[in-house]
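Following: one structure in structure tokens, then a few remarks.
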Amino acid sequence: MKRIHTGTKLGVRLLLTLTLVLTVLSSCREDYFYDEILPEWLGGSIYEYLQEEGEYTTYIKLIDDLGYTEVLNLTGSKTLFVANDAAFAEFYKNNEWGVKKYEDFTLAQKKLIFNFSMINNAYLIETLSNYYDGSVYNEGTAMRRPTALQAIDSIAYEQGDKLSVGKYFNSRRDKGMYLLKDHTLMPTAYFTQRFLSRRGITNEDMDYITGAVFQGKQARENGDVHIFDTKVIKRDIVCKNGYVHVLEKVLIPPANMAARIETNPNTKIFSKLLERFAAPYYDAEINVRYRELNPSFSDSIFVKRYFSQRGGTVVAPGSSVAVSSLLPFSPGWNSYSTGGSAALPGDMAAMFVPTDEAMNAYFNGGVGELLKSRFGSWDSVPDNIIIPLLKRHMRPSLIESVPSRFSKIVDDENYAIPVEKSHIVGSYTGVNGQIFYTNQVYPPVDYISVYSPVLLSANTKIMNWAIRISSSSVDGTLFEFYKLYLNSLVSRYSVFIPTDDYFEHYVDPIAYGQDVPAVLKFKYVERNNSVMAYVHKYDKVNDMVEPDPIDSISSTTAPNFIKNRLWDVLDSHIVIGEISASKKYYVTKANDIIRVDGNEPNMTVSGGRNINLGTSSKVTRVFDQANGKTFFINNSIQPSLRSLYTTLASNPEFSEFFDMLSNVPSDYVAQIFYPQGVDYAVKFFNAYRYTVYVPTNEAIRAAVGSGKVKTWEEINDMPAGAARTAAIEKVVRFLRYHFQDNTVFFGDNVNALYQSATIKTDDAKTHWNTARNKYYKIGVVGSANAMELTTENNKKASVTSLHNIIAKDYLFAKLPTAYKNVDGTGPLSGSNFNTSLISTSSSVVVHQINNILTFED
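Mind the numbering: the sequence shown is residues 11 to 867 in the numbering used here, read in order.
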């Protein structure tokens, strides 16, 4: 009887398919006529077809030897992907098993070829790409299905260098072991036209997947179907118990990605890194099943598993403690799944695997040199640092990783992976994913950003701890804010990092405002990845620290305290933007003001307190990174601990202006200062940076003498009422006009308008054309040796030789007096010092000017 081959009209195919399906379904009924007699038009069985064709004698031998003759002669529901005798003849010429003739096949090899070529259901090529996801029928979106191959069909005995190089295999290296590379089913992968069209995968993409681009093979044409990288040359041969599809070559079950990378002589470095996260596990179920089939077997079978978030394990052999470093998924997971009730058919994983040449080139040049200088060799790089590199090269979806989508690929932190087609030098389609071999390494952003030197240095563990501590989002999700912040490649940063040896003089701002000031000395505790703060009494008058600590605070018992203080340090050491040789003063993320003297590499950095004490931090090393520079320094930068209140009060040159600021009548609602921070803070400051212009004492006296400004004594003598309130408000508005948003520094080149702290309440025209309900402005023009201000009424004032004085107003969760002192003394009802928290702060630069600032005549 004539059979239906490739090219038969679609209508006939569908009719035969429907008839076959009905036959299979109906055979479940009792006394069905065709249980014993089948329609003549349906033809013979799969086995009979292979016999009749005469070119499948090798494949028939496989069927006979494995006891499947009767199965494939009966009614049923099978799909076979077969190779003809000519394909086997080519196979014998060159194959990885060294088989030269049929007789050379072992029983295990026969099982591998036959069982992997069979699916236990009947599928036309076009219906292969359809599947059910729960109750939903999906058409054209499947690419994988389980085969008849079982894990125990082939179990290898491995020892010596055949075993994984991972440390967990060392105890069995000499003795060896029976080892399964994975215990899950090995699916087949197929690429039909319907699937490729539905998923937007191009012919060129397929040429990279099948290796045609690299091997000089014929490019894919529309309508071609591939099983892994093997082309289907005959399709949809209808038999009474299923379908036969003929392949152009013998299909050997591909390895999973991890196994292939491990055996590839050109990817030994990358494989060795992967194998750190693999271990053998005794599997009782596998052992029982295998012994049922092989009663004489008395050894033990182990399964290789990877420490991973999906498809592997999180616990090392013999341990109940979770492993801290996990791969995103197991690269050895045969039945890789993206999740969901039917996730196996729709996709598989992908990996970009650098060749050894690429790995060595990266390690010995460019960004990779930082790794080499720190660790010396790939083998010495710790697991927690290797994991981000491996994760960057592991892709959860092949569909989203094909060459036509390279420009859109991002990692799990949403950073672009700059892979290009020219980087791909080879490929391999495994049972669980696609390997693209590359001539490039794609380092994680952790390796190239300003955070990288902190991560990779042996002596920055305290700051690394602070950067890696998680924050909580509004919905409670934990994320590493500072790591994400410093890894941003759309910003430029200058980050100053005190090394661990010099983290010994943090003057605690809250303790500074108490009766017993204290210095914290931070130490990293390797044993449990924690940070300890040792508390030392501090003489703030003489800047002397007592040598013996009076207490210690650990991140394990008071995590919020340690995090709060180290984040305060971190914020005060980050500058957004570049450090320029033409500029000295910068504002940090904490709104602290720092001064940078000298040029790279001979730079020093001073905070407000450093300037007051005549000290500085010296830059010891500079790292030029992808998004800025990281500067290692030999001491933490000390921000000012003097509030604006104290700064003005302690300087007699500012006394007249300070008296006006600090003596606003107590019955007036809008005070300038209020108790907060170290002592007092400006009430209208709002976690920002400000400039305050302080008229000389003579200028204030002249303004009072001319009647431009009333004294508080004059106002206090006025009777209560609207006139007195108006007089107070006028003076307060005058004072606030001397406060400016944004810092400007004497010595910088500047020509700009800045907003003051006084709101315009009328429609009168002003020099700077400020509208009603907007803040009055101050015009500032500065050069290396001068700075001049122009007011809203076009009056001038010049900055004197008393300038660039730095102050800082802290805002604490509670006043310092609400906490006990560091030595336990203080208010009986006070909270423990280790519960104190810094909320925020504002920084101020103070300039003296030779005239008052006014906004109206």
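Note that CB positions come from ideal geometry on N, CA and C, so glycine has one too.
Verify whether the separation of the beta carbon atoms of residue i and residue j is less than 8 Å.
{"i": "Ser-852", "j": "Phe-695", "result": "yes"}
{"i": "Ala-774", "j": "Leu-863", "result": "no"}
{"i": "Ser-139", "j": "Phe-238", "result": "no"}
{"i": "Thr-630", "j": "Ile-643", "result": "yes"}
{"i": "Arg-478", "j": "Glu-588", "result": "no"}
{"i": "Gln-169", "j": "Lys-185", "result": "yes"}
{"i": "Ser-345", "j": "Leu-195", "result": "yes"}
{"i": "Tyr-655", "j": "Asp-602", "result": "no"}
{"i": "Thr-220", "j": "Ser-414", "result": "no"}
{"i": "Val-460", "j": "Thr-640", "result": "yes"}
{"i": "Arg-208", "j": "Thr-151", "result": "yes"}
{"i": "Phe-571", "j": "Asn-844", "result": "yes"}
{"i": "Ile-73", "j": "Val-254", "result": "no"}
{"i": "Val-615", "j": "Ile-647", "result": "yes"}
{"i": "Trp-388", "j": "Leu-283", "result": "yes"}
{"i": "Met-267", "j": "Ala-359", "result": "yes"}
{"i": "Leu-821", "j": "Glu-663", "result": "no"}
{"i": "Tyr-200", "j": "Val-146", "result": "no"}
Three-state secondary structure (DSSP) at residue i?
{"i": "Gln-524", "result": "coil"}
{"i": "Asp-163", "result": "helix"}
{"i": "Ile-396", "result": "helix"}
{"i": "Val-754", "result": "coil"}
{"i": "Val-854", "result": "strand"}
{"i": "Ala-591", "result": "coil"}
{"i": "Ile-262", "result": "coil"}
{"i": "Gln-444", "result": "strand"}
{"i": "Arg-743", "result": "helix"}
{"i": "Ser-417", "result": "helix"}
{"i": "Pro-826", "result": "helix"}
{"i": "Val-31", "result": "Model confidence at Val-31 stands at a pLDDT of 42, short of 50, so the residue's coordinates are unreliable; what they give is reported in the following sentence. Here Val-31 sits in helix by DSSP."}
{"i": "Phe-43", "result": "Its pLDDT being 40, under 50, Phe-43 is placed unreliably by the model, and nothing is read from it."}
{"i": "Arg-299", "result": "helix"}
{"i": "Asp-549", "result": "strand"}
{"i": "Val-714", "result": "helix"}
By alpha-carbon positions, which one of the options ends up nearest to residue i?
{"i": "Asn-125", "options": "Tyr-69, Asn-609, Val-146, Phe-98", "result": "Tyr-69"}
{"i": "Glu-410", "options": "Ala-691, Phe-362, Ser-480", "result": "Phe-362"}
{"i": "Lys-259", "options": "Gly-77, His-515, Val-242", "result": "Val-242"}
{"i": "Ile-135", "options": "Val-81, Asp-246, Lys-314, Ile-427", "result": "Asp-246"}
{"i": "Pro-508", "options": "Ser-467, Asp-525, Leu-499, Gly-523", "result": "Ser-467"}
{"i": "Val-754", "options": "Pro-729, Val-484, Met-797", "result": "Met-797"}
{"i": "Arg-652", "options": "Leu-576, Thr-567, Tyr-522, Ser-564", "result": "Tyr-522"}
State the start and end residues of the unbroken alpha helix (DSSP H) segment that holds residue i.
{"i": "Gly-378", "result": "378-385"}
{"i": "Leu-466", "result": "462-466"}
{"i": "Arg-782", "result": "Premise fails: Arg-782 is in no alpha helix (DSSP H) and is neither H nor E."}
{"i": "Glu-536", "result": "Looking at the DSSP string, Glu-536 is not in any alpha helix (DSSP H), and its letter there is neither H nor E."}
{"i": "Trp-655", "result": "It is Tyr, not Trp, that sits at residue 655 in the sequence shown. Looking at the DSSP string, the run of the alpha helix (DSSP H) that includes Tyr-655 is 654-659."}
{"i": "Leu-122", "result": "117-126"}
{"i": "Asn-570", "result": "569-581"}
Under 7 Å: does the beta carbon of residue i sit that close to some heavy atom of the ligand NAD?
{"i": "Asn-804", "result": "In terms of ligand content, the structure shown is empty, and the ligand NAD therefore cannot be addressed."}
Grab the span of the beta strand (DSSP E) containing residue i for me, first residue to last.
{"i": "Val-223", "result": "No beta strand (DSSP E) holds Val-223; the alpha helix (DSSP H) holding it covers 222-225."}
{"i": "Gln-228", "result": "From DSSP, Gln-228 is part of no beta strand (DSSP E); its letter is neither H nor E."}
{"i": "Phe-91", "result": "88-93"}
{"i": "Tyr-141", "result": "141-143"}
{"i": "Leu-561", "result": "The displayed chain sequence assigns Asp, not Leu, to residue 561. Taken as a continuous stretch (DSSP letters only), the beta strand (DSSP E) holding Asp-561 covers 561-564."}
{"i": "Ala-794", "result": "Segment: none, Ala-794 is in no beta strand (DSSP E) and carries neither H nor E."}
{"i": "Asn-726", "result": "Taken as a continuous stretch (DSSP letters only), Asn-726 belongs to no beta strand (DSSP E), being part of the alpha helix (DSSP H) at 722-726."}
With burial defined as no fewer than 16 other Cβ atoms inside 10 Å of the residue's Cβ, what is the status of residue i: buried or exposed?
{"i": "Phe-98", "result": "buried"}
{"i": "Asn-10", "result": "Residue 10 lies beyond the residue range present for the chain, which begins at 11 and ends at 867; the question has no answer from this structure."}
{"i": "Pro-392", "result": "exposed"}
{"i": "Gln-858", "result": "buried"}
{"i": "Trp-107", "result": "exposed"}
{"i": "Phe-489", "result": "exposed"}
{"i": "Asn-94", "result": "buried"}
{"i": "Val-679", "result": "exposed"}
{"i": "Pro-305", "result": "exposed"}
{"i": "Ser-36", "result": "Because Ser-36 sits at a pLDDT of 34, beneath the cut-off of 50, its placement in the model cannot be relied upon, and the following sentence gives the value as read from the coordinates. It is exposed - the Cβ of Ser-36 has fewer than 16 other Cβ atoms within 10 Å."}
{"i": "Val-856", "result": "buried"}
{"i": "Gly-443", "result": "buried"}
{"i": "Met-554", "result": "exposed"}
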